[in-house]
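Just add 30 to wherever you are in the sequence shown, counting from 1, and you've got my numbering. Below is one structure, written out as structure tokens; the observations come after it.
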Amino acid sequence: MTTRVLGLEPELLAEVKAGLTATTKKLPASLLYDELGTALFEAISYLPEYGLTRADERILRANAGAIMRALTPPLVVAELGSGTGRKTRPLLEALASRQSVSYYPIDISPTALERCETELAAVSGVKTTAIQGDYVQGLLEAASRRPPGHQMLVLFLGSTIGNFEPGQADSFLRDVRRALREGDGLLLGTDLVKPAAMLVPAYDDPLGVTAAFNKNLLTRLNREAGASFDLARFRHEARWRETERRIEMHLVARRAHEVRVGAIDRAIAFREGESIWTESSYKFRLEDVDRLAKSAHFEPVARWTDSEWPFAETLLRAR
Ligand code: AVJ
Numbered sequence: 031m032t033t034r035v036l037g038l039e040p041e042l043l044a045e046v047k048a049g050l051t052a053t054t055k056k057l058p059a060s061l062l063y064d065e066l067g068t069a070l071f072e073a074i075s076y077l078p079e080y081g082l083t084r085a086d087e088r089i090l091r092a093n094a095g096a097i098m099r100a101l102t103p104p105l106v107v108a109e110l111g112s113g114t115g116r117k118t119r120p121l122l123e124a125l126a127s128r129q130s131v132s133y134y135p136i137d138i139s140p141t142a143l144e145r146c147e148t149e150l151a152a153v154s155g156v157k158t159t160a161i162q163g164d165y166v167q168g169l170l171e172a173a174s175r176r177p178p179g180h181q182m183l184v185l186f187l188g189s190t191i192g193n194f195e196p197g198q199a200d201s202f203l204r205d206v207r208r209a210l211r212e213g214d215g216l217l218l219g220t221d222l223v224k225p226a227a228m229l230v231p232a233y234d235d236p237l238g239v240t241a242a243f244n245k246n247l248l249t250r251l252n253r254e255a256g257a258s259f260d261l262a263r264f265r266h267e268a269r270w271r272e273t274e275r276r277i278e279m280h281l282v283a284r285r286a287h288e289v290r291v292g293a294i295d296r297a298i299a300f301r302e303g304e305s306i307w308t309e310s311s312y313k314f315r316l317e318d319v320d321r322l323a324k325s326a327h328f329e330p331v332a333r334w335t336d337s338e339w340p341f342a343e344t345l346l347r348a349r
């Protein structure tokens, strides 16, 4: 276990500066996932109000065989954002019962990769090669190692795609497509639109875990950007934007005050009620997923959904 006490990477710091000095204050959602943030997200996945991760897991567990049968062996598997490996395990087990599998988890976080390797070490017939780095870069790396004649299956689970703005999601999928060959697969997990009465408590739970997850971002800026945020002066807020079909997480200033941020040499002024927008989590309709896929040159070939917590796993084929 390592805690990063050094400063933020220069590119991230530039984003922090731009975000905090803009008219509408914003911070990059990727900042949420330091070591504590990753642990808090894992805790969120056990909250009764947050059904997303469990729905994702249920679908994968129930349909692992069918998912794998929809693909042509031999194949290699790459995963964008390895997480802990908990969700992927049943899929790899189903595949490993037919052939030996090369699995390439790709993640920015070395801690996540270590956990994933540990989780999957016991699965026989799976050879895990962790790739640390950016998703697209990592995917290109995995693609370059693919043995001749092997099909590639890319996993992009957990509705991580929902954290991109629609335009970004589109260009990201195009980048993924460019790293693949015709006939390769992409299994895309997307959280579906559901009633506000289900969504809002999922992002503003009564235990306050999501609030802690959100506020931890300020702790991180205090530690890694020389900031002096007083967490008690902010409250967590989850807003459902019906027309945009997204949940927004905000940190709202309880009263007017200023915060010094050393690493960007700025004092940031907050008005009472002013917010920092920290994350968007887009929710999809099935037709949105199909449109997104097609515009990035993928063809939807199969789909599995969960009825308890509307969520879809769509298998896309590169065309
Ligand atoms: C990890 C992106 C799926 O958007 O639901 C959970 C992150 N944010 N609670 C999501 C998150 C607040 C989560 N994803």
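Where a beta carbon is used, it is the ideal one built from N, C-alpha and C, also for glycine. Given the structure is predicted, the values throughout are model-derived calculations rather than measurements.
Between residue 232 and residue 82, the C-beta spacing is below 8 Å. DSSP, reduced to helix, strand and coil, places residue 230 within a helical segment of the structure shown.
Note that the C-beta distance between residue 37 and residue 293 is below 8 Å. Taken in chain order, the whole beta strand (DSSP E) runs of length 3 or more contained in the region 109-145 are 131-137. Here residue 204 carries a helix assignment [DSSP, helix/strand/coil]. Judged by DSSP in its simplified three-state form, residue 45 adopts helix. Ranking 111, 348, 103 by CA distance to the CA of residue 60 puts 111 first. At least one heavy atom of ligand 1 falls within 7 Å of the beta-carbon of residue 190. In the displayed model, residue 330 falls within a strand according to three-state DSSP. Contact between the region 315-329 and the region 67-82 is not established, with fewer than three Cβ pairs separated by less than 8 Å. As the crow flies, the alpha-carbon of residue 150 is around 8 Å from that of residue 156. For residue 318, the enclosing alpha helix (DSSP H) has its first and last residue at 316-325. Shown here, residue 274 sits in coil according to DSSP, grouped into three states, outside any helix or strand. Under a 10 Å Cβ-count criterion, residue 158 is classified as buried, with 16 or more other Cβ atoms of the shown protein chains found around its own Cβ.
Between ligand 1 and the CB of residue 279, the shortest heavy atom gap is smaller than 7 Å. It is roughly 16 Å from the alpha-carbon of residue 299 to the alpha-carbon of residue 251.
Three or more Cβ pairs closer than 8 Å define a contact, and the region 103-120 meets that threshold against the region 130-144. In the same chain as residue 349, and ignoring 5 residues on each side of it, the C-beta atoms closer than 8 Å to its own belong to 212, 327, 328, 329, in chain order. One alpha carbon belongs to residue 122, the other to residue 307, and they sit about 37 Å apart. Here the C-alpha atom of residue 126 lies approximately 20 Å from the C-alpha atom of residue 173. Residue 315 and residue 242 have their C-alpha atoms some 30 Å from each other.
Within the region 232-271, the runs of beta strand (DSSP E) that reach at least 3 residues and sit entirely inside it are, in chain order, 264-271. For residue 252, the shortest C-beta to heavy atom distance toward ligand 1 is 7 Å or greater.
In summary, residue 204 is exposed, with fewer than 16 beta-carbon neighbours lying within 10 Å of its beta-carbon over all protein chains present. In this structure, the alpha-carbon of residue 291 lies about 6 Å from that of residue 297.
Residue state for residue 174 is assigned as helix, using DSSP reduced to three classes.
Counting of Cβ neighbours within 10 angstroms places residue 179 among the exposed residues, the total staying below 16. Counting along the chain, residue 97 sits inside no beta strand (DSSP E); it lies in the alpha helix (DSSP H) bounded by residues 82-99. Judged by DSSP secondary structure, residue 68 falls within the alpha helix (DSSP H) whose first and last residues are 65-74. Exclusion of the five residues before and after residue 166 leaves 205 as the residues of its chain whose Cβ lies within less than 6 Å of its Cβ.
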